[in-house]
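This report concerns only the one structure given below.
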Amino acid sequence: MEKSIIESLKEVKRSIPPCLPPLWARTGHLQTILGYLLPSEKVTEDGIHINVTLEKETERIHSTYLKGSSQTVVYLFHGLGGSADSAYVQRAAILARKMGHHVFINNHRGCGLGAGLAVEPYHSGRSEDLSKVIAYGREMLPNHKHIAIGFSLSANALLLLAASVRGEVQPDFAIAVNGPINLDRASIKLGKGLNKIYDKRFTNDLERYMKVNRPQDVGDFSLVKDLRDFDERYTAPLGGFKNRADYYETCSAKQYLPKINIPTVIITAEDDPFIGIEDYREAQYSPTTVVHIEKHGGHVGYVARDGLGYKRWLDLAIGKYLGVI
3 MEKSIIESLK EVKRSIPPCL PPLWARTGHL QTILGYLLPS EKVTEDGIHI NVTLEKETER
63 IHSTYLKGSS QTVVYLFHGL GGSADSAYVQ RAAILARKMG HHVFINNHRG CGLGAGLAVE
123 PYHSGRSEDL SKVIAYGREM LPNHKHIAIG FSLSANALLL LAASVRGEVQ PDFAIAVNGP
183 INLDRASIKL GKGLNKIYDK RFTNDLERYM KVNRPQDVGD FSLVKDLRDF DERYTAPLGG
243 FKNRADYYET CSAKQYLPKI NIPTVIITAE DDPFIGIEDY REAQYSPTTV VHIEKHGGHV
303 GYVARDGLGY KRWLDLAIGK YLGVI
């Protein structure tokens, strides 16, 4: 069964046309920025709001459930500084709903409508949180196929879960998009050149996050100059790690990729300005993993040309892979 799924996923990979960018979006930075700025459809249907209890009963995260008609459930998890309202999450939800699937659109700890529901912060290694949401969905919708899609930070966490690293309940199939599988290297890259602009934005987002969810621990945030500082001062101690290095080493998915034991598709781009493609080139993979590397796409951008206009290549690719299950 698994072999046939993997072979089908490989066939889908071969059938998907490359992400050929318009002339005005040919760099990784432009792909990333335009992927964020260009108009994007939003979910309009009403969903059921659910607060999912995590491993500590005092900790919860918010999820919006959209009822479907198929035998497939899709779970969507956003990236750093994002929420369930992030454009790429919303488009994926619309795509899954058009296919008739049930959808859980999730906010990480303290994000979006989940502000104030959890004391401990989210981070790239919270695979156990993803597992709790999937466990909730499996109990609610047994005898269904359960598919998880993680973007950026959540892609790393999802790959950990796919390798059975923290979290007891896995999805049946995983799609991980632009995951920072080497957290130390990614954080260093984020602090160089033009990336400093993104680094500053992430840091500002995290300052607001802390003031909402952990105001007693903010202290003098002027000491935090970048994401690495934030991880040393806040993520590591509040997440139970010795220091930043311990957090990065423990939670980087790259080392666990050979242990992935469910059908998994990894999508990334050579020109992602945040994440070096060398980690994906160097990595060892399990037989249940299909790696899809595009030349263009930036960081969760994937703006492809369509005549004189553009289209969202990532939506096309995700739709094709979902069609296998």
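In my numbering, the protein residues as written are 3 to 327.
Just so it is clear, CB atoms sit at the ideal spot from N, CA and C, and this is done for glycine as well.
Bear in mind that the values here come from a model prediction, so they are computed numbers and not experimental data.
Collapsing the DSSP output to three states places D131 in a helix. Contact check for A120 and I183: beta-carbon distance about 25 Å, past the 8 Å limit, so the pair fails to qualify. Between the stretch 212-228 and the stretch 291-303, the count of C-beta pairs closer than 8 Å stays below three; the two stretches do not touch.
Assignment of beta-bridge partners to G152 by DSSP yields F79 and A178. Only residues of its own chain outside the window of five on either side were considered, and among them A159 have a CB closer than 6 Å to the CB of R128, listed in chain order.
Taking C-alpha positions only, K44 is separated from N109 by approximately 16 Å. Non-local beta-carbon contacts of E280 in its own chain, meaning distances under 6 Å to residues more than five positions away in sequence, are absent. Boundaries of the alpha helix (DSSP H) around T205: N197 to N215. Per DSSP, V91 has no beta bridge partner at all. A straight line joining the alpha-carbon of R314 with that of A306 spans about 6 Å. Rounded to whole angstroms, the separation of the alpha carbons of P260 and T290 is 9 Å. Look at I264 here: in three-state DSSP terms it is coil, with no helix or strand label.
In the assembly as shown, G311 is an exposed residue. Its beta-carbon has fewer than 16 other beta-carbons within 10 Å. The stretch 80-95 makes no contact with the stretch 18-33, as fewer than three CB pairs between them are under 8 Å. Residue state for N245 is assigned as coil, using DSSP reduced to three classes. For S65, the enclosing beta strand (DSSP E) begins and ends at R62 to L68. According to the DSSP assignment, I320 belongs to the alpha helix (DSSP H) that extends over W315 to L324.
In the three-state scheme derived from DSSP, where H, G and I count as helix and E and B as strand, K227 is classed as coil. Beta bridge pairing from DSSP links G311 with D308.
Residue environment: H103 is assigned as buried (16 or more neighbouring CB atoms within 10 Å of its CB, all protein chains considered). Scanning its chain for C-beta atoms nearer than 8 Å, with the 5 sequence neighbours on each side dropped, one finds around L225 the residues D231 and R235, in chain order.
The C-beta distance from A188 to A176 rounds to 20 Å, too long to fall under 8 Å, and the pair is not in contact. By the beta-carbon neighbour count (other beta carbons within 10 angstroms, threshold 16), E122 is buried.
By the Cβ neighbour-count rule, G241 is buried, with 16 or more other Cβ atoms within 10 Å of its own. In summary, T270 is buried, with 16 or more beta-carbon neighbours lying within 10 Å of its beta-carbon over all protein chains present. Listed as beta-bridge partners of T55 by DSSP are R62. Between C253 and L185, the CB-CB gap stays under 8 Å. When secondary structure is reduced to three states using DSSP, K147 falls in the strand class. Contact check for I8 against A319 fails: the beta carbons are separated by 8 Å or more.
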